[in-house]
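See structure below.
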Amino acid sequence: MCCAMLQAVRTTKPLVVNLTNYVVMNNTANALLAVGASPIMAHSREEMAEMMGFAGALVINIGTLDSHWIPRMYYAVEKANANNKVVVLDPVGCGASALRTEVSRKLAALAETLIIRGNASEIIALAGEAAQSKGVDALDSSEQALNAAKQLAHQHQCTVVISGATDYVVSTDKVCALDNGHAMMPRVTGMGCSHTALTGAFAAVCEDTWEAALAATAVLGVAGELAAEKSAGPGSLQLNLLDSLYLLGEPALAARLNAKLLGGTANA
Numbered sequence: 008m009c010c011a012m013l014q015a016v017r018t019t020k021p022l023v024v025n026l027t028n029y030v031v032m033n034n035t036a037n038a039l040l041a042v043g044a045s046p047i048m049a050h051s052r053e054e055m056a057e058m059m060g061f062a063g064a065l066v067i068n069i070g071t072l073d074s075h076w077i078p079r080m081y082y083a084v085e086k087a088n089a090n091n092k093v094v095v096l097d098p099v100g101c102g103a104s105a106l107r108t109e110v111s112r113k114l115a116a117l118a119e120t121l122i123i124r125g126n127a128s129e130i131i132a133l134a135g136e137a138a139q140s141k142g143v144d145a146l147d148s149s150e151q152a153l154n155a156a157k158q159l160a161h162q163h164q165c166t167v168v169i170s171g172a173t174d175y176v177v178s179t180d181k182v183c184a185l186d187n188g189h190a191m192m193p194r195v196t197g198m199g200c201s202h203t204a205l206t207g208a209f210a211a212v213c214e215d216t217w218e219a220a221l222a223a224t225a226v227l228g229v230a231g232e233l234a235a236e237k238s239a240g241p242g243s244l245q246l247n248l249l250d251s252l253y254l255l256g257e258p259a260l261a262a263r264l265n266a267k268l269l270g271g272t273a274n275a
């Protein structure tokens, strides 16, 4: 499944509209290009309706939130809904401030077809539980966020991805744990944001949001492992990750993927 979707992304080159934060625009655009998708950073209300008419998916990342961006984000989600497009929400720093928490919850409630991708503390806070965070960094483990993710999946009829040492992809009826990636990956700015952007690319080629989120998580995790093997530190990891995403093929993805469903094993 994951291998077939990776090929679909490379064949169709879906356009992913990113309303994302200033810190990671370059990182996420390069990750999308490396995997074979087509990124566009679109922040103007005046062009959003047109963009969502032909885009494959919408990525909303609240990392550098302000009063100008908030209404644009709501409008973008409305236009995604009108065009039956998936919204991938990254609630960066949800729980760190009342504003981030409120906006994240409103965006999640507004989206009709939704994937949420966040770290454990963000997912816990989004669900309305007490989370431990330091700015945008999670102090909770991904396992601790599982109940919150299940709650959100049922509340919004959506797919939720928890990033951590073990990644979890959660829907209303399925949970998959993925043990790929490398401990150096959180040392690179925008790694989670790149995960979110890649999820948009896979959602653009697959109607099943859980399968799309699983494929994106698998691809980034395996690419991260391959990149870490030839990286001296976070700086070289960032460069090598782009090469790994570009070069990743079916044999490596199938051989390295360590994903387990409740009661079974996921196929690469």
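Counting with my numbering, you get residues 8 to 275 for the letters of the sequence shown.
From the three backbone atoms N, C-alpha and C, an ideal C-beta is built for every residue, glycine too.
Computed from a prediction, not measured in an experiment: that's the story for all the values here.
Which residues mark the beginning and the end of the alpha helix (DSSP H) in which residue i is found?
{"i": "TYR82", "result": "76 to 89"}
{"i": "GLY256", "result": "Unbroken run through GLY256: none, as it is neither H nor E."}
{"i": "ALA118", "result": "Careful: ALA118 lies outside any alpha helix (DSSP H) and carries neither H nor E."}
{"i": "LEU39", "result": "32 to 42"}
{"i": "MET12", "result": "9 to 19"}
{"i": "LEU227", "result": "216 to 235"}
Just checking my contact of residue i with residue j at CB under 8 Å: how many whole Å lie between their CB atoms?
{"i": "CYS9", "j": "ALA211", "result": "Going by Cβ atoms, the distance from CYS9 to ALA211 rounds to 15 Å, so no, they are not a contact pair."}
{"i": "ALA230", "j": "LEU255", "result": "5 Å"}
{"i": "PHE209", "j": "MET12", "result": "6 Å"}
{"i": "GLY207", "j": "VAL66", "result": "4 Å"}
{"i": "LEU159", "j": "ILE130", "result": "7 Å"}
{"i": "LEU4", "j": "VAL42", "result": "Outside the modelled stretch of the chain, which goes from 8 to 275, sits residue 4, for which no answer is possible."}
{"i": "THR19", "j": "ALA204", "result": "Contact doesn't hold; Cβ gap of about 16 Å is too wide."}
Along the chain, where does the beta strand (DSSP E) that runs through residue i open and close?
{"i": "SER170", "result": "166 to 170"}
{"i": "ARG277", "result": "Because the chain is modelled from 8 through 275, residue 277 falls outside the range shown and cannot be assessed."}
{"i": "ALA204", "result": "Premise fails: ALA204 lies in the alpha helix (DSSP H), 198 to 210, not in any beta strand (DSSP E)."}
{"i": "LYS157", "result": "First-last for LYS157: 153 to 163, but that is the alpha helix (DSSP H), not the beta strand (DSSP E)."}
{"i": "ASN25", "result": "22 to 26"}
For residue i and residue j, what's the separation of their Cα atoms in angstroms?
{"i": "VAL24", "j": "MET58", "result": "7 Å"}
{"i": "LEU133", "j": "ASP147", "result": "13 Å"}
{"i": "MET192", "j": "VAL167", "result": "20 Å"}
{"i": "LEU117", "j": "PRO258", "result": "40 Å"}
{"i": "LEU264", "j": "ALA89", "result": "36 Å"}
{"i": "ALA87", "j": "GLU119", "result": "9 Å"}
{"i": "GLY197", "j": "GLN164", "result": "27 Å"}
{"i": "ASP215", "j": "VAL93", "result": "10 Å"}
{"i": "MET51", "j": "GLY242", "result": "In the sequence as presented, Met is not what sits at residue 51; that position holds Ser. Taking the straight line joining both Cα atoms gives about 32 Å."}
{"i": "ARG17", "j": "SER45", "result": "10 Å"}
So for residue i, helix, strand or coil by DSSP?
{"i": "VAL66", "result": "strand"}
{"i": "LYS113", "result": "helix"}
{"i": "ASP250", "result": "helix"}
{"i": "SER149", "result": "coil"}
{"i": "LEU269", "result": "coil"}
{"i": "SER238", "result": "coil"}
{"i": "LEU72", "result": "coil"}
{"i": "LEU244", "result": "helix"}
{"i": "LEU133", "result": "helix"}
{"i": "SER59", "result": "In the sequence on display, residue 59 carries Met and not Ser. Helix, per DSSP."}
{"i": "LEU192", "result": "Here residue 192 turns out to be Met, not Leu, going by the sequence shown. Of the three classes helix, strand and coil, the one that applies to MET192 here is helix, per DSSP."}
Per DSSP, residue i forms a beta bridge with which residues?
{"i": "TYR175", "result": "ILE169 and ALA184"}
{"i": "ILE47", "result": "VAL24"}
{"i": "CYS101", "result": "SER104"}
{"i": "VAL93", "result": "ALA64"}
Just to check, is the beta-carbon of residue i closer than 7 Å to a non-hydrogen atom of the ligand GDP?
{"i": "GLU54", "result": "Ligands are entirely absent from the displayed structure, and the ligand GDP is therefore not among its contents."}
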